[in-house]
Every structure is written in structure tokens, then in C-alpha cells.
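Asker: Dropping the structure in here first, questions after.
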Amino acid sequence: MKKMTVAVALCAMLNVGAQAQTQQDLTKDGNGGTTDNVLTYGMGYHQQRYSKLDLINKSNVKRLVPIWSTSLANEYGEQGQPFVHDGTMYAANVKRVVAMDVGTGRIKWNFDLDWDAAVPRVVCCGLNNRGVALFDGKVYVASLDAYIYALDGKTGKQLWKSKIAEWKDGYSITGAPSVVNGVVMSGMTGGEYGVRGFVVGLDAQTGKEIWRRHTTPDPTEKAYSTWPQDDSYKRGGASTWITGSYDPDLDLSYWGTSNGGPWTWKGRPGDNLWVASVIAIRPKTGEIVWHYQWTPAETYDFDGNNENVLGELTLDGKKRKVLMHADRNGLLYVLDRATGQVLAGNPYVKTNWATGVDLKTGRVVETDVAKRLRAGEKVELEPRWTGGKNWMPMAFNPTTERLYFSMLEETAIYQLNPDLPVYKAGERYVGVTNTTKERDTTKPWGYWGSVLPMTGKPAWRTPLVDLPSWSGAMVTAGGLVFTGNNAGDFAALDEASGKILWQFKTPSGVNSQPITYTYKGKQYVTVFSGLGGGTSSKRETAGKVLPAGTVWTFALMD
């Protein structure tokens with residue numbers, strides 16, 4: 041039986057007149073809807089993480105102060121995004137879902153996500169949960185052991201629970217679900233364990249599975265020709281651990297896929313669709329309408345899961361609807377989001393395995409470093425397998441047409457093992473030897489930066505010397521970029537220059553996703569603090585930062 045705590049009388053008072061979220065509400069979130077709510081992952085289906093709010097701006101941000109903080113009682117880390125509806129804030133981590141009063145932080149209810157103590161054995165890179173989905177008065181959340189739950193948004197009562205996959209086979213879920221037209225979509229993770237990736241669609245009312253779209257093809261599909269003509273596709277990876285964006289006009293949802301299984305391409309020679317790719321799918325059926333592969337024949341652990349941001353860019357004097365993606369492989373891509381045509385693909389950090397994308401062929405142009413690695417040599421690889429940008433989401437300002445995100449710059453020592461790994465369910469399936477080159481401590485770990493989408497060149501970069509940033513970014517019409525770092529600093533930067541205008545030290549690392557919204561006519565900013573992630577964060581912060589999950593909400597001092 042799940043454990044649930046409910047402040048019944050308070051909940052009843054605060055939810056009088058509350059309206060369930062409709063599909064129209066979700067479509068308008070971050071796109072002309074009320075600023076009192078944040079209903080979708082990425083502050084809009086487009087995942088721009090942009091707010092038109094400007095009550096907090098460059099001229100007054102120094103007056104920003106914390107107004108409440110609430111414990112999430114979680115030592116595993118906070119990578120999630122807060123969600124807000126009708127005066128209630130929802131937070132999720134691997135241990136629980138918490139509903140809070142948006143004005144005070146007082147807890148209305150919490151719902152424990154129980155899982156077997158052995159589950160972390162099959163979770164690669166930290167015990168994470170990146171958020172919930174809201175629809176029709178319900179809160180949808182995934183658990184680490186690969187279940188999806190539907191909860192009553194007012195009380196936290198469990199309405200249904202659906203098993204998505206078997207965790208003992210290496211499957212887990214760390215991403216937030218997404219709801220489109222009554223279909224709850226979820227990805228999964230497990231690319232280090234020889235899983236077969238998929239996106240699943242469930243009925244939002246019942247939890248019944250409607251469709252399952254695998255991200256490696258079987259022998260009946262045309263894309264199977266990019267694989268060995270055997271059953272390696274069944275262990276081929278391509279997990280889908282970051283929430284897909286959605287274009288309501290095209291009715292397409294865009295999901296990135298991870299590394300192949302095993303990591304070494306020698307175990308699966310070929311381009312291996314749809315590994316390290318983006319797939320554009322129909323939410324109603326799971327049909328793949330188009331795809332584009334970021335890294336053909338992927339062998340570097342360059343997951344292609346990073347968020348796919350939807351926006352418009354001015355190209356040749358005309359607005360064009362595009363998809364923007366900063367990949368772990370060090371390249372920044374711009375695609376036509378209706379067709380998948382690649383319009384740009386350029387390095388945004390130091391990248392030595394490729395020079396960019398040949399726009400005539402649409403393929404990455406690999407360098408001698410990549411060729412030597414594929415031939416079995418030990419090489420220095422830039423970026424490191426953690427990427428020039430990892431999962432931490434970027435923001436896009438539709439007015440400036442610039443991207444804002446945290447960048448990483450490290451070098452890997454990388455070699456494909458001569459012997460192929462042997463697959464065993466629930467065990468790591470890699471086949472490479474990888475270490476990190478010792479850092480030059482006079483150089484930064486990476487940067488907070490503003491980047492031009494079509495060139496990958498920085499408009500500005502703010503060096504991160506002490507510790508790197510694994511935090512998402514948010515940009516506002518007030519000329520501010522909000523983000524954080526592993527030291528626990530939550531900061532507001534000048535959007536035009538990258539100058540730090542304000543910062544606040546939270547108790548633990550900020551590696552989460554800030555939001556902003558209004559409540560009773562006043563603008564607020566909320567972020568989670570709580571060091572988390574995989575071995576990289578532990579290495580970077582050892583002896584410097586301790587875990588502790590908390591919610592922090594800020595407003596201008598009156």
C-alpha cells in the first residue's frame with residue numbers, strides 16, 4: 041500500500057473552484073496562456089523555457105529574496121522542474137511527489153514512490169526524476185522501477201498504476217511524462233544495459249497501453265537494413281530518457297534517443313537507426329513520420345536525448361519553423377521540424393571527432409580522431425562522453441533568437457575493447473575503456489553561455505572555474521537568464537552580456553530546472569536545490585557539496 045499524507049481540511053479549502061487542466065490549457069502553456077500556471081515540461085510544449093514576464097528584470101533583480109523554502113527529504117538529488125496549477129505547486133523526485141501551496145510552500149499532500157532497494161543497480165547515472173505531467177485534474181509521474189502512476193491532483197490518491205517495463209532487465213524511467221490529446225507518453229532509460237529503447241503511449245484515464253514505438257527496427261522495417269542482419273537490434277539501446285517536445289500544428293512529438301548497445305559499434309556494425317537520433321512521432325499512434333540521426337554508427341556514448349527546442353528563426357529574411365538541438369557530441373543542430381531537413385550542424389564546444397555536418401548529405405563529417413578510434417586506437421576525445429552539453433535543458437528567446445545553456449569542456453581517454461562484451465540481462469553492456477584526462481586547473485570546467493543557433497558560435501560565455509554547471513536555464517522578457525551550478529549558486533545573468541547580476545547560495549547543488557510564474561499579480565521564481573546525477577557530479581563535488589533536497593521560491597522584496 042502506498043503511503044500518502046493529506047492535509048484534508050486545508051486541501052478542501054484551497055481547491056474550491058479549481059479547474060482541471062484541458063488540452064487547450066496545455067497547448068497554451070507558455071504560448072499565450074495564463075502566467076499563473078506552468079503546466080508542461082519545458083514551460084510549454086515547445087520547451088523554450090522562456091517567459092514573457094518582466095516584473096523581475098535587470099533593473100531590480102538585486103532585490104530578489106527567498107520568501108519560502110520547503111524540504112523534499114531526498115538525498116538522491118533534484119533534477120526536476122516544478123509545475124504550478126491553480127495555486128498548487130507539484131514537485132517530484134525519485135522518492136515522492138509533493139503538492140505545496142504556491143504562496144507559502146506548505147505541503148498539501150505527498151505520495152511516496154516505493155521501489156525495490158535493488159533497483160539502483162540498473163540505473164546508470166544517478167537516481168533522478170525530472171518531473172510530472174498534468175491533465176484533467178490528474179498528476180502523472182514515472183517511478184525508477186519503470187511504472188507510470190496517475191494521482192488525483194487535489195488529494196494525491198492513486199488512481200491507476202501501469203507497469204511499463206521490467207527493471208530487472210535494465211529498464212528504468214527518469215524523465216517526466218507528457219500528455220497530448222489524452223495520451224500519456226513516456227520514454228525510458230537503460231542504454232548501458234543492452235535494452236531495446238521505446239516510447240510508450242497510455243490512455244490518460246485508464247493507464248491502458250495504446251501503442252509502443254520501439255526505437256530500434258525489427259526485420260519487417262526498412263531501417264533494419266542499417267543493422268546487422270541478426271537480433272542485435274533487441275539489445276541495441278536507443279533509450280528515450282528526456283521528455284519529447286510537441287508541435288500542435290504539425291501534430292508531431294520529437295523524442296531523442298541514446299547511445300547504442302553495446303557502446304562499441306563493433307558489436308553492431310552499421311549506422312544503426314534510430315540510435316542517437318531524433319524521431320518525430322504521432323502521439324495518437326506512435327508512428328514515426330521522419331527521423332534524423334545526430335551520430336551515425338554511434339560509438340562514443342554520445343546520447344542524442346538532449347531536448348529538442350521548437351521555435352522560429354529568421355533565415356534569408358523569412359521566419360522558418362525549426363527544431364534546435366545541442367547534442368552531447370559537441371554539435372548544435374538546426375532542423376526543419378516539418379521534414380527533418382538539416383539546416384545547420386556546427387561545433388559549440390571543443391570538438392575533435394567531427395568538423396560539423398555536410399549539408400548536402402546530412403551526415404556528420406568525422407575526423408582522423410574518429411577513424412583512429414574506430415580502428416582500435418586509444419585516443420583523446422573531445423568532448424568527453426558526458427558531452428559538450430548533457431541533459432540540462434537550454435532556453436530559447438524567440439525575440440533575440442538566441443539559445444542559453446550550460447556547456448562542459450573535458451577530454452576523455454577512450455578506446456574500444458578488442459573483445460565484444462557478453463550480454464546478460466540487467467548487467468552493463470559497454471565494450472569500451474574510458475577515463476578522463478587530467479584537467480588543467482587554470483582552465484574552466486565549462487561555461488554559462490549564449491549561442492547563435494545557425495553557427496554554434498557564442499554571443500557570450502561566462503567561465504565556470506570553481507565547479508561546473510549541470511543546471512537547466514530559463515530566459516525571461518526581463519532580460520534575465522536564470523541558472524545554477526553544482527556549488528549551489530542560483531544566479532540571474534544579464535541576457536545580453538552574461539554578467540552575473542544576482543546570485544543566492546542554496547544548501548546543495550543546483551542541477552535542476554527553474555521556472556517563473558505569477559501569483560496574485562506578483563512574479564515568482566522557483567528552483568530545486570539538491571546535488572544529484574552520476575559519477576561526474578560526485579567526482580567534481582567530492583568534499584565540497586553535500587546532498588539535500590529543497591524547494592526555493594523567490595520574489596522581489598517589497
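The sequence shown: position 418 = 458 (my numbering), numbered continuously.
All C-beta atoms in this analysis are idealised placements derived from N, C-alpha and C, irrespective of residue type, glycine included.
Here the structure is a predicted model, which is why all the values come from computation and not from measurement.
(1) Rounded to whole angstroms, what's the CA-CA distance from M129 to H331? Just pull it up for me.
(2) Starting from the Cα of L184, find the closest Cα among Q553, F123, V505, C165 and give me that residue.
(3) Starting from L413 and walking both ways along the alpha helix (DSSP H), at which residues does that stretch end?
(4) In this structure, does DSSP put D209 in helix, strand or coil?
(5) Since D243 is in the beta strand (DSSP E), which residue starts that stretch and which ends it?
(6) Please list, in chain order, all residues of the same chain as I204 whose beta carbon is under 7 Å from its beta carbon, the five residues on each side excluded.
(7) Would you tell me roughly how many angstroms separate the C-alpha atoms of W500 and N386, rounded to the nearest one?
(8) So for Y557, helix, strand or coil by DSSP?
(9) Hey, how far is the Cα of Y180 from the Cα of G471?
(10) Where does T600 fall in DSSP's three states?
(11) Which of the three DSSP states, helix, strand or coil, is assigned to Q563?
(12) Would you mind reading off the limits of the alpha helix (DSSP H) that contains T128?
(13) Looking at the structure shown, is R377 part of a helix, part of a strand, or coil, going by DSSP?
(14) Tell me M434's beta-bridge partners as DSSP assigns them.
(15) Apart from the five residues on each side of it in sequence, which residues of its chain come closer than 6 Å, Cβ to Cβ, to G538?
(16) Going by other Cβ atoms of all chains shown within 10 Å of its Cβ, with 16 needed for buried, is R170 buried or exposed?
(17) Output the distance between the C-alpha atoms of D271 and P302, rounded to the nearest integer angstrom.
(18) Where does E352 sit, in a helix, a strand or coil, going by DSSP?
(19) Hey, could you find the ends of the alpha helix (DSSP H) D65 is sitting in?
(20) If I measure Cβ to Cβ from G496 and keep anything under 6 Å in the same chain, skipping five residues before and after, which residues do I get?
(21) Taking G486 as part of the beta strand (DSSP E), name the residues at either end of that continuous run.
(22) Taking the straight line between their C-alpha atoms, what separation do you get for G276 and G370?
(23) Can you give me the C-alpha to C-alpha distance between V515 and V521, rounded to a whole angstrom?
(24) Please report the residue range of the beta strand (DSSP E) in which R89 lies.
(25) Nearest to P587 by CA position, among S569, R579, P554, is which residue?
(26) Any idea if E535 is buried or exposed, counting beta-carbon neighbours within 10 angstroms, 16 or more meaning buried?
(27) What's the call for F594, buried or exposed, on a 16-neighbour Cβ count within 10 Å?
(28) According to the neighbour-count rule (16 or more other Cβ atoms, all chains shown, within 10 Å of its Cβ), is E417 buried or exposed?
(29) How is the beta strand (DSSP E) around L596 delimited, first residue to last?
(30) Can you list, in chain order, the residues of its chain with a C-beta nearer than 8 Å to that of G298? Leave out the 5 residues immediately preceding and following it.
(31) Let's see if you can read the secondary structure: which residues bound the beta strand (DSSP E) around G296?
(32) Enumerated in chain order, which unbroken segments of the beta strand (DSSP E) with a length of 3 residues or greater are wholly contained in the segment 149-227?
(33) Kindly say whether M364, judged by its beta-carbon, lies nearer than 8 Å to any beta-carbon of chain D.
(34) Classify Y5 as helix, strand or coil using the three-state DSSP reduction.
(35) Less than 8 Å between the C-beta atoms of P323 and V172, yes or no?
(36) Grouping DSSP H, G and I as helix and E and B as strand, with all else coil, what is V101?
Answerer: Per the coordinate set shown:
(1) The residue labelled residue 129 in the question sits at position 89 within the sequence shown. The residue labelled residue 331 in the question sits at position 291 within the sequence shown. Approximately 36 Å, taken between the alpha carbons.
(2) As a first step, residue 184 is located in the sequence shown; it is residue number 144 there, counting from the start. For L184, the nearest C-alpha among the options comes from C165.
(3) Translated into positions along the sequence shown, residue 413 becomes position 373. Residues 408-414.
(4) To locate residue 209, count along the sequence shown from 1; it is residue 169. Three-state DSSP puts D209 in a helix.
(5) Counted from its first residue, the sequence shown places residue 243 at position 203. Taken as a continuous stretch (DSSP letters only), the beta strand (DSSP E) holding D243 covers 238-243.
(6) Counting from 1 along the sequence shown, the entry for residue 204 is found at position 164. Cβ within range, chain order: A186, Y187, I188, I213, S226, M228, V240.
(7) Taking the first residue of the sequence shown as 1, we reach residue 500 at position 460. Taking the first residue of the sequence shown as 1, we reach residue 386 at position 346. Roughly 17 Å between the two C-alpha positions.
(8) As a first step, residue 557 is located in the sequence shown; it is residue number 517 there, counting from the start. Strand, per DSSP.
(9) Stepping through the sequence shown from its first residue, residue 180 is reached at position 140. Stepping through the sequence shown from its first residue, residue 471 is reached at position 431. Looking at the two C-alpha atoms, the distance is approximately 36 Å.
(10) Nothing can be reported for residue 600, as the shown portion of the chain is limited to 41 through 598.
(11) Walking along the sequence shown from the start, residue 563 turns up at place 523. Q563 falls in the strand class under three-state DSSP.
(12) What you label residue 128 is simply residue 88 of the sequence shown in a count that begins at 1. Looking at the DSSP string, T128 is not in any alpha helix (DSSP H); the run it does join, the beta strand (DSSP E), is 128-132.
(13) Position 337 of the sequence shown, counted from the first residue, corresponds to residue 377. In the structure shown, R377 sits in coil (DSSP, three-state: anything other than H, G, I, E or B).
(14) Walking along the sequence shown from the start, residue 434 turns up at place 394. None, per the DSSP bridge assignment.
(15) As a first step, residue 538 is located in the sequence shown; it is residue number 498 there, counting from the start. W500, T502.
(16) Working through the sequence shown from its first residue, we reach residue 170 at position 130. The residue is buried, with at least 16 neighbouring Cβ atoms inside 10 Å.
(17) The count along the sequence shown starts at 1 and reaches residue 271 at position 231. The count along the sequence shown starts at 1 and reaches residue 302 at position 262. D271 and P302: Cα-Cα distance of roughly 13 Å.
(18) As a first step, residue 352 must be located in the sequence shown, where it is residue number 312. Strand at E352.
(19) For the purposes of this step, residue 65 is taken as residue 25 along the sequence shown, with counting starting at 1. Start and end: 63-68.
(20) Walking along the sequence shown from the start, residue 496 turns up at place 456. L372, N386, P387, Y388, listed in sequence order.
(21) Against the sequence shown, residue 486 aligns to sequence position 446. First-last of the beta strand (DSSP E) with G486: 486-491.
(22) As a working mapping, residue 276 is identified with position 236 in the sequence shown. As a working mapping, residue 370 is identified with position 330 in the sequence shown. Each residue's alpha carbon lies about 23 Å from the other.
(23) Walking along the sequence shown from the start, residue 515 turns up at place 475. Walking along the sequence shown from the start, residue 521 turns up at place 481. Taking the straight line joining both Cα atoms gives about 4 Å.
(24) Position 49 of the sequence shown, counting from 1, holds the residue named residue 89. Element bounds for R89: n/a, residue is neither H nor E.
(25) Along the sequence shown, read from residue 1 onward, the residue named residue 587 stands at position 547. Considering only alpha carbons, the answer is S569.
(26) Indexing the sequence shown from 1 puts residue 535 at position 495. With 16 or more other Cβ atoms within 10 Å, it is buried.
(27) Looking up residue 594 in the sequence shown gives position 554. Looking at its Cβ environment, which holds 16 or more other Cβ atoms inside 10 Å, F594 is buried.
(28) For the purposes of this step, residue 417 is taken as residue 377 along the sequence shown, with counting starting at 1. Under this definition E417 is an exposed residue.
(29) Here the question's residue 596 lines up with position 556 in the sequence shown. Segment 590-596, the beta strand (DSSP E) holding L596.
(30) Against the sequence shown, residue 298 aligns to sequence position 258. The displayed chain sequence assigns Ser, not Gly, to residue 298. The residues are T229, G231, G237, G277, A278, S279, T280, W281, V315, A316, D343, G344, N345.
(31) As a position in the sequence shown, residue 296 is number 256, starting the count at 1. Element bounds for G296: 292-296.
(32) 173-175, 178-182, 187-192, 198-203, 218-220, 223-226
(33) Of the protein chains in this structure there is only one, and it is not chain D.
(34) Past the boundaries of the shown model lies residue 5; the chain is included only from 41 to 598, so the question cannot be answered.
(35) Residue numbering aside, residue 323 sits at position 283 when the sequence shown is read from its first letter. Residue numbering aside, residue 172 sits at position 132 when the sequence shown is read from its first letter. No, Cβ-Cβ distance for P323 and V172 is not below 8 Å.
(36) In the sequence shown, the residue the question calls residue 101 occupies position 61. Correct three-state label for V101: helix.
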